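Working notes, beginning with the structure itself.
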Amino acid sequence: MAVSHRQAVLLAATGPVPPPAPQSPPRSRHLWLCIGLPQLAVEAAGMEATAAVAIIDGEARQCRVHATNALAREHGVRNGMDLNAAYALCPAL
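Counting from 3, one number per residue, gives the positions in the sequence shown under the numbering used here.
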């Protein structure tokens with residue numbers, strides 16, 4: 003293919019044409035969101051804040067504390083704690 007005088011002048015002025023950019027992988031249209039709402043279970047239970055409250059998860063001997071209010075936390079009750087340990091720290095649960 004022959005290059006015209008005008009094309010030759012443009013090539014000389016601008017330099018060689020850079021190679022095309024590499025193809026990037028297609029972007030996913032999915033977005034992920036992780037939300038931690040540790041107090042939602044306690045607030046949804048509608049318990050009064052005047053007593054120590056713990057939301058329990060599990061069956062029989064596998065019960066664990068799922069969420070607590072501020073009063074229970076003041077007694078040392080923590081999420082993931084065994085139910086018997088929680089009762090030992092705060093018998094009023």
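Heads up, the beta-carbon is just placed ideally off N, CA and C, and yes, glycines get one too. This structure is a prediction, so every number in the text was calculated from the model and none was measured.
Residue environment analysis places Thr52 among the exposed positions, since fewer than 16 neighbouring C-beta atoms fall within 10 angstroms of its C-beta. Taking each of Gly78, Arg63, Asn71 in turn and checking the Cα distance to Val44, the smallest one comes out for Asn71. Every unbroken stretch of the beta strand (DSSP E) spanning 3 or more residues and falling wholly within the region 17-84 is given here in chain order: 56-59, 66-70.
From the listed residues His77, Ala47, Arg29, Asn86, the smallest Cα separation to Arg66 is found for Asn86. Rounded to the nearest angstrom, the gap between the Cα atoms of Cys36 and Leu42 is 15 Å.
Taking all protein chains shown into account, Ala90 has fewer than 16 neighbouring C-beta atoms within 10 Å of its C-beta and is therefore exposed.
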